[in-house]
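*Asks:* When we follow numbering that gives the first Met the number 0, the leftmost residue of the sequence shown carries the number 0, and every step to the right adds one. Heads up, the beta-carbon is just placed ideally off N, CA and C, and yes, glycines get one too.
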Amino acid sequence: MLVLTGHFDLAVGAILALGNDSPYQQECLAELDTGATIGVLMLTELGGTNGADQQTTTRWDPTTETFLLNTPSATAVKIMPNVADATEPKTAIVTARLLIDGQDEGVLPFLLRLRTRDGLADGIEVVRLPDKVSAPMDHAMVRFNDVRLPREALLGGDWARLSPDGRFACVLPPRKRFHRAINVLGNGRLDLANAAVASARAALAGLVNYTRQRRPGSGVLMADRDAVQRDLATALAAVYATSSLGLCLRELRATGTDRDHAVWSMLAKPLLSNTAHQVLMMCRQRAAAQGALRINHIVDWIGNLEAIITAEGENQIMQVTAGKQGERLTALELPHTRETPWYIETLTEREHTIAADVRNGDYRSAGSVLGPDSAAIELATATAERLAATALSTAALNTDDPTAKELTTAAAAAYALERIHARGTWYVAHSRMSPGQAASLTTELNRHHAVLTAHLPTMVAAFDIPRLSGPLFATDYIQAWQDYAGWRAPASTEH
């Protein structure tokens, strides 16, 4: 998935969004479209991602009418792009600081044919990085020494252009140019978020299937153990809510009308991928030995999640950046939102209180925080969770099927009540919840968990997961292992 989002969302997406239809760009795009080359984004530097403070430089040479791409220091080395495979052509979107006549024009993206069938472009050094524990890719460190790029390599859309006589014009101030250019990351972040929660759906479906077959020595079916039921119901509600939010945002992106796409993605990626990671870890642990085996996929999905959490903006950085939007976050609403039940209003109340107090410099209102960054994380999380609960609640209101309405409503309520329960100390500290209300909330949460538990097979069947290999997903996991070994079941013997 990471290779695909890098190729389609970041490389192809950058050319389509920021290109000028020049022959050079169209040739690169055609190679990407046919798969003749793989597209990557080269953003992160050894000294950090650093946004508008990146150190890689691209200097305009008016004599040759080309750009010269350079790595001026050890901290400017590009790190982690998947370009180490010497046999695979790669085309890169490289973010670099544009220098024209000694003037710093800010960080912008440039289109580079890094490697063709004939090898690396002149002036490029690539060193393969050590292996990761999972989600293997050909990650590398890269440095540049006067790598020549044509003038058409600049990807500035209609707002950052180089004139025929070498004069640069841009409607934005230098430090805002990077953030405008990198908006293309929003598509990749949202696709990664949806992929993350898709793997959680699959793992949960496999675990539910397994628990309905597994009967330990006690004779009690695993699916009938209340501790297992609580884990499954909690995970089911979280997966339904975050999946609903991901679907809403994907549809919103397709319309191309919302100016807040970048913020939506910065909220969605942390919530969906962190939730998916929690669900996958629960599935891995409850499945015990079955969960540890790669044949059952869960450990590989966990490895992918570890990569997704880091890719295209580490989750915590995304939350800090989104959270510093402040009260603008509280104004975000999903399309077609109708009336919201009391538990979503309770989530909203906390979100608005945090935003208002942070605006006034009172970070402590957010809870156990040490300063503005941790307060921003709390606000971003509160907004994302409110939106996820709203997405699922709205889906319940918009269905005419009575069973679907009942179960989706139960999942939305369980998800929201779990969030409120987890922040119980905040609500008590802010006089928003009495002991009696806390007890009623717990009773209500348990009631919704019971509804979800009674309908687990139906609700995971609605995920419509394609048939997956692995005994965890088999209708008879014992027989699946017999088939794997090539053994016939032993004949029964009478005594």
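1. Out of Gly101, Ala168, Ile308 and Val93, which one is the CA nearest neighbour of Arg58?
2. Taking Cβ positions, are Leu161 and Ile92 nearer each other than 7 Å?
3. With the cut-off set at 7 Å, would you say Thr94 and Val76 are in Cβ contact?
4. Quick one, which of Ala134, Tyr209, Leu346 and Val82 has its alpha-carbon nearest Arg283's?
5. Given this structure, state the Cα-to-Cα distance separating Ile353 from Ala13, to the nearest angstrom.
6. From which residue to which residue does the beta strand (DSSP E) around Trp59 run?
7. Are Tyr362 and Ala375 touching if we call contact CB-CB under 7 Å?
8. Measuring straight from C-alpha to C-alpha, what distance separates Asp32 and Met458?
9. State the beta-bridge partners of Asp103 as determined by DSSP.
10. Which complete beta strand (DSSP E) runs does the stretch 18-92 hold, if anything under 3 residues is left out?
11. I think Ser272 touches Leu191, with their Cβ atoms under 8 Å apart; what is that distance to the nearest whole Å?
12. Just tell me which of Val450, Ala388, Ala437 and Val11 has its CA closest to the CA of Leu246.
13. When we look at the beta-carbon of Trp158 and count the other beta-carbons within 10 Å, is it buried (16 or more) or exposed?
14. Using the Cα positions of Ala120 and Ala232, report the straight-line distance between them to the nearest angstrom.
15. If you draw a straight line from the C-alpha of Arg349 to the C-alpha of Gly435, how long is it?
16. Count Cβ pairs between the stretch 197-205 and the stretch 300-315 that sit closer than 8 Å; are there 3 or more?
17. Across the stretch 225-240 and the stretch 401-420, are there enough close Cβ pairs to call them in contact, namely three or more that are closer than 8 Å?
18. Between Ala194 and Thr274, what straight-line distance do the alpha-carbon atoms span, to the nearest angstrom?
19. Mind checking whether Lys268 and Arg188 have CB atoms under 7 Å apart?
20. Tell me which same chain residues have a C-beta within less than 7 Å of the C-beta of Ile343, skipping the five on either side of it?
21. Could you give the distance in angstroms between the alpha-carbon of Thr309 and the alpha-carbon of Arg337?
22. Where does Ile294 sit, in a helix, a strand or coil, going by DSSP?
23. Please return the same chain residues whose Cβ sits closer than 7 Å to the Cβ of Ala394, not counting the five positions on each side in sequence.
24. What is the rounded straight-line gap between the Cα of Ala321 and the Cα of Ala484?
25. Of the choices Gly34, Asp20 and Pro108, whose alpha-carbon is the least far from that of Gln53?
26. Spatial neighbours of Gly122 within its chain, please: CB distance less than 7 Å, with the 5 preceding and 5 following residues excluded, ordered by chain position.
27. With 16 other CB atoms within 10 Å as the buried threshold, where does Arg422 fall?
28. To the nearest angstrom, how far is it from the Cα of Pro489 to the Cα of Arg229?
29. Pro169 bridges to which residues according to DSSP?
30. Ignoring anything shorter than 4 residues or poking outside the stretch 346-419, list the alpha helix (DSSP H) runs there in chain order.
31. What three-state label does DSSP hand Met0 in the structure shown?
32. Three-state secondary structure (DSSP) at Ile308?
33. Could you have a look at His454 and say whether DSSP puts it in helix, strand or coil?
34. Return the CA-CA distance between Gly185 and Val219, expressed in angstroms with no decimal places.
35. Curious, which full-length alpha helix (DSSP H) runs of at least 4 residues does the stretch 206-281 contain?
36. Helix, strand or coil: which one does DSSP assign to Glu338?
*Replies:* For this structure:
1. Position 59 of the sequence shown, counted from the start, is the residue given in the question as residue 58. Selected option, being the one with the closest Cα: Gly101.
2. Here residue 161 refers to the residue found at position 162 of the sequence shown. Here residue 92 refers to the residue found at position 93 of the sequence shown. No.
3. In the sequence shown, counting from the first residue as 1, residue 94 sits at position 95. In the sequence shown, counting from the first residue as 1, residue 76 sits at position 77. Not in contact: Thr94 and Val76 (Cβ atoms no closer than 7 Å).
4. By one-based count along the sequence shown, residue 283 stands at place 284. Comparing Cα positions, the closest option is Tyr209.
5. Start at 1 with the first residue of the sequence shown, and residue 353 comes out as number 354. Start at 1 with the first residue of the sequence shown, and residue 13 comes out as number 14. Distance between the alpha carbons of Ile353 and Ala13: 36 Å.
6. Here the question's residue 59 lines up with position 60 in the sequence shown. Trp59 -> beta strand (DSSP E) spans Thr56 to Asp60.
7. Here residue 362 corresponds to residue number 363 of the sequence shown, with the count starting at 1. Here residue 375 corresponds to residue number 376 of the sequence shown, with the count starting at 1. Tyr362 is not a Cβ neighbour of Ala375, given a cutoff of 7 Å.
8. As a first step, residue 32 is located in the sequence shown; it is residue number 33 there, counting from the start. As a first step, residue 458 is located in the sequence shown; it is residue number 459 there, counting from the start. Distance between Asp32 and Met458, taken at the CA atoms: about 38 Å.
9. The residue given as residue 103 occupies position 104 in the sequence shown. Partner(s): Leu98.
10. Under the rule that a run must span 3 or more residues, the beta strand (DSSP E) segments found entirely inside the stretch 18-92 read 37-41, 56-60, 65-69 and 77-81.
11. Taking the sequence shown and counting its residues from 1, one reaches residue 272 at position 273. Taking the sequence shown and counting its residues from 1, one reaches residue 191 at position 192. Right, the Cβ-Cβ distance comes to about 7 Å (below 8 Å), so this counts as a contact.
12. Here residue 246 is taken as the residue at index 247 of the sequence shown, counted from 1. If we check each option's Cα against that of Leu246, Ala388 comes out closest.
13. If you number the sequence shown from 1, residue 158 lands on position 159. By the 10 Å Cβ count, Trp158 comes out exposed.
14. Counting from 1 along the sequence shown, the entry for residue 120 is found at position 121. Counting from 1 along the sequence shown, the entry for residue 232 is found at position 233. Going from the Cα of Ala120 to the Cα of Ala232 covers about 54 Å.
15. Taking the sequence shown and counting its residues from 1, one reaches residue 349 at position 350. Taking the sequence shown and counting its residues from 1, one reaches residue 435 at position 436. Straight across, the Cα-Cα distance linking Arg349 with Gly435 is about 19 Å.
16. When C-beta atoms of the stretch 197-205 are compared with those of the stretch 300-315, three or more pairs fall below 8 Å, so the two segments count as touching.
17. At 8 Å Cβ cutoff, the stretches touch.
18. Within the sequence shown, numbered from 1, the residue matching residue 194 stands at position 195. Within the sequence shown, numbered from 1, the residue matching residue 274 stands at position 275. Whole-angstrom Cα-Cα distance: 12 Å.
19. In the sequence shown, counting from the first residue as 1, residue 268 sits at position 269. In the sequence shown, counting from the first residue as 1, residue 188 sits at position 189. For Lys268 and Arg188, yes; Cβs fall inside 7 Å.
20. As a working mapping, residue 343 is identified with position 344 in the sequence shown. Result list for Ile343: Arg385, Ala388, Thr389, Ser392 and Ala415, in chain order.
21. If you number the sequence shown from 1, residue 309 lands on position 310. If you number the sequence shown from 1, residue 337 lands on position 338. Spanning the two alpha carbons is a distance of roughly 35 Å.
22. What you label residue 294 is simply residue 295 of the sequence shown in a count that begins at 1. Ile294 falls in the helix class under three-state DSSP.
23. Indexing the sequence shown from 1 puts residue 394 at position 395. Excluding positions up to five away in sequence, the list reads Ser243 and Thr407.
24. As a position in the sequence shown, residue 321 is number 322, starting the count at 1. As a position in the sequence shown, residue 484 is number 485, starting the count at 1. If you take the alpha carbons of Ala321 and Ala484, they lie about 51 Å apart.
25. For the purposes of this step, residue 53 is taken as the residue at position 54 of the sequence shown. Nearest in C-alpha terms to Gln53, of all of Gly34, Asp20 and Pro108, is Pro108.
26. Taking the sequence shown and counting its residues from 1, one reaches residue 122 at position 123. Counting only Cβ-Cβ distances below 7 Å, and skipping sequence neighbours, we find Phe143, Asn144, Asp145 and Val146.
27. On the sequence shown, position 423 is the one that residue 422 refers to. Buried is the call here.
28. For the purposes of this step, residue 489 is identified with residue 490 of the sequence shown, where counting begins at 1. For the purposes of this step, residue 229 is identified with residue 230 of the sequence shown, where counting begins at 1. When rounded, the separation of the alpha-carbon atoms in Pro489 and Arg229 is 37 Å.
29. Here residue 169 refers to the residue found at position 170 of the sequence shown. Here residue 169 turns out to be Cys, not Pro, going by the sequence shown. Answer is Ala159.
30. Assignment of alpha helix (DSSP H) within the stretch 346-419, counting only whole runs of 4 or more residues, yields 371-396 in chain order.
31. Walking along the sequence shown from the start, residue 0 turns up at place 1. Looking at Met0 - three-state DSSP - the assignment turns out to be coil, as it is neither helix nor strand.
32. To locate residue 308, count along the sequence shown from 1; it is residue 309. Note: Ile308 maps to helix in three-state DSSP.
33. Residue numbering aside, residue 454 sits at position 455 when the sequence shown is read from its first letter. In the structure shown, His454 sits in coil (DSSP, three-state: anything other than H, G, I, E or B).
34. Taking the sequence shown and counting its residues from 1, the one referred to as residue 185 is at position 186. Taking the sequence shown and counting its residues from 1, the one referred to as residue 219 is at position 220. Their backbone Cα atoms lie some 47 Å apart in a straight line.
35. 225-254, all fully within the stretch 206-281.
36. Reading the sequence shown from its first residue, position 339 is the one you call residue 338. Looking at Glu338 - three-state DSSP - the assignment turns out to be coil, as it is neither helix nor strand.
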